[in-house]
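Peer 1: So the sequence shown is numbered by this note's numbering: it starts at 1 and just counts up by one. For each residue, glycine too, the CB sits at the ideal point set by N, CA and C.
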Amino acid sequence: MAGRHRLDPYDERVLTFCRERHLATLTTLRPDGTPHVVPVGLTYDPAAGLARVITSAGSTKARYVAAAGATGVPVAACHLDGRWWLTVEGRAVLRTDAAAVAEAERRYAERYRPPRPNPERVVIEIGVTRLLGSLPPLTSEQERPARQERPT
Numbered sequence: 001m002a003g004r005h006r007l008d009p010y011d012e013r014v015l016t017f018c019r020e021r022h023l024a025t026l027t028t029l030r031p032d033g034t035p036h037v038v039p040v041g042l043t044y045d046p047a048a049g050l051a052r053v054i055t056s057a058g059s060t061k062a063r064y065v066a067a068a069g070a071t072g073v074p075v076a077a078c079h080l081d082g083r084w085w086l087t088v089e090g091r092a093v094l095r096t097d098a099a100a101v102a103e104a105e106r107r108y109a110e111r112y113r114p115p116r117p118n119p120e121r122v123v124i125e126i127g128v129t130r131l132l133g134s135l136p137p138l139t140s141e142q143e144r145p146a147r148q149e150r151p152t
């Protein structure tokens, strides 16, 4: 069945899964077209339509994204927890401005832990175009946070 794994950006299962501590893999493409896959911490901001990855400016993933320039480059990031998974697809750009870095660090600290100091930190911002996954159903015992409103 086509599209059975497509998820809504505001699906409560997506929001819950993205608040829990799950590492992800980020896939970028090397200049020769082969995949470069690395583990990352990833945060998701449905209101902005963004996923964010903090990294060092000199990292391979940052260099591949930076090489694409302002138009960005297609990427995919995948969380996996046993049989449950969530893939974020979109176009990534590299952000170096202090405000973008601070916001990404704040979100990373909420989901994972405060990041170590890094004066070379940059942010890979992924403009989310598609969410795919197979996520656990919400249980009545799970605390459900206030519903995030969709931007108008």
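Would you mind giving the Cβ-Cβ distance between Val-14 and Leu-86, rounded to the nearest angstrom? I have them listed as a contact below 8 Å.
Peer 2: Locating residue 14 in the sequence shown gives position 14, counting from the first residue. Locating residue 86 in the sequence shown gives position 86, counting from the first residue. At roughly 7 Å, the Cβ-Cβ gap stays under 8 Å, so Val-14 and Leu-86 are in contact.
Peer 1: Ordered along the chain, which non-local residues of its own chain (more than five positions away) have a Cβ less than 6 Å from that of Cys-18?
Peer 2: One-based indexing of the sequence shown puts residue 18 at position 18. Correct list, in chain order: Tyr-44.
Peer 1: In the structure shown, what three-state DSSP assignment does Ala-48 receive?
Peer 2: If you number the sequence shown from 1, residue 48 lands on position 48. Here Ala-48 sits in coil by DSSP.
Peer 1: Considering only residues of the segment 7-46, which uninterrupted beta strand (DSSP E) runs meet the minimum length of 3 residues and lie entirely inside it, listed in chain order?
Peer 2: DSSP runs (the beta strand (DSSP E)) wholly in the segment 7-46: 24-29, 35-40, 43-45.
Peer 1: Checking 8 Å against the spacing of the C-beta atoms, do Gly-127 and Arg-91 come in under that value?
Peer 2: Translated into positions along the sequence shown, residue 127 becomes position 127. Translated into positions along the sequence shown, residue 91 becomes position 91. Cβ distance < 8 Å, so Gly-127 and Arg-91 count as in contact.
Peer 1: Just to confirm the assignment: which complete alpha helix (DSSP H) runs, minimum length 4, are found wholly within the segment 96-133?
Peer 2: Listed in chain order, they are 98-111.
Peer 1: Report yes if the CB atom of Leu-46 is closer than 8 Å to the CB atom of Tyr-10, and no otherwise.
Peer 2: As a working note, residue 46 is residue 46 in the sequence shown. As a working note, residue 10 is residue 10 in the sequence shown. According to the sequence as given, residue 46 is Pro; it is not Leu. For Pro-46 and Tyr-10, yes; Cβs fall inside 8 Å.
Peer 1: Flag this pair as yes or no: are the beta carbons of Ala-156 and Thr-27 separated by less than 8 Å?
Peer 2: This structure leaves residue 156 out entirely; the chain is present only between 1 and 152.
Peer 1: DSSP three-state call for Gly-90: helix, strand or coil?
Peer 2: Taking the sequence shown and counting its residues from 1, one reaches residue 90 at position 90. Strand, per DSSP.
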